[in-house]
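Inspection log for the structure reproduced underneath, given as structure tokens.
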Amino acid sequence: MSGRTAIPILTAFVLALSACSEAPRSASEGENTETAEPAAAAQAATDQTEAAEVPEWVDGVAAIANAVERDPTVADSILEANGMTRAAFDSLLYVIAADPALTARYEGLRQ
């Protein structure tokens, strides 16, 4: 595998790991189904608050990932134009994958 195909594959891998990191709770785990609707409304409000707190650099990482996915043959040029190395980009992907709010923002911006 060439290094140029590694970035899209790594991106997919990191996103898959982040998607598996949190299992949704079900009513059988002790959550009262009568409180599910208010709990869902509270979660939606929390999600909106977290989205407002997501740093802008996540948008940049998503834009770089989109550009690399469109033309992986120039991945190094795209990274260099954005002042990044492959290692720095990979590190940011791991930071994003470790935080649910960052992951949600990143996934929403990926094309």
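Taking this note's numbering, I'd label the letters of the sequence shown as residues 3 to 113.
C-beta atoms are modelled at their ideal positions from N, C-alpha and C, and glycine is treated no differently.
inquiry  = Using 8 Å as the threshold, is the C-beta distance between Glu-95 and Val-60 below it?
reply    = Taking the sequence shown and counting its residues from 1, the one referred to as residue 95 is at position 93. Taking the sequence shown and counting its residues from 1, the one referred to as residue 60 is at position 58. Checking the sequence shown, residue 95 turns out to be Leu, not Glu. No. Outside cutoff.
key: For Leu-60, three-class secondary structure by DSSP   = In the sequence shown, the residue the question calls residue 60 occupies position 58. For the record, residue 60 in the displayed sequence is Val; it is not Leu. Helix.
task = Can you tell me which of Pro-57, Ala-64 and Glu-55 puts its alpha carbon nearest to the alpha carbon of Gly-110?
result = As a first step, residue 110 must be located in the sequence shown, where it is residue number 108. Closest option to Gly-110, Cα to Cα, is Ala-64.
request  = Identify which residue in Ala-106, Asp-101, Glu-58 and Ile-80 has its Cα closest to the Cα of Ile-66.
outcome  = Taking the first residue of the sequence shown as position 1, residue 66 is located at position 64. Of the candidates Ala-106, Asp-101, Glu-58 and Ile-80, the one whose C-alpha sits nearest the C-alpha of Ile-66 is Ile-80.
key: Start and end residues, alpha helix (DSSP H) containing Asp-92   = Position 90 of the sequence shown, counted from the first residue, corresponds to residue 92. Where Asp-92 is concerned, the enclosing alpha helix (DSSP H) stretches over 88 to 99.
ask   = Would you call Ala-100 buried or exposed, if buried means 16 or more other Cβ atoms sit within 10 Å of its Cβ?
value = As a working note, residue 100 is residue 98 in the sequence shown. Label assigned to Ala-100: exposed.
query = Rounded to a whole number of angstroms, what is the C-alpha to C-alpha distance between Ala-106 and Val-97?
reply = Looking up residue 106 in the sequence shown gives position 104. Looking up residue 97 in the sequence shown gives position 95. Whole-angstrom Cα-Cα distance: 13 Å.
message = Can you check whether the C-beta of Ile-80 is within less than 8 Å of a C-beta belonging to chain E?
response = Any reference to chain E falls outside this structure, which holds one protein chain only.
request  = For Ala-90, count neighbouring C-beta atoms within 10 Å of its own C-beta (all shown protein chains included) and say buried if the count is 16 or more, exposed if not.
outcome  = For the purposes of this step, residue 90 is taken as residue 88 along the sequence shown, with counting starting at 1. It is exposed - the Cβ of Ala-90 has fewer than 16 other Cβ atoms within 10 Å.
inquiry  = Can you tell me whether Ala-77 is buried or exposed? The criterion is at least 16 other CB atoms within 10 Å of its CB, across all chains shown.
reply    = As a position in the sequence shown, residue 77 is number 75, starting the count at 1. Ala-77 comes out buried.
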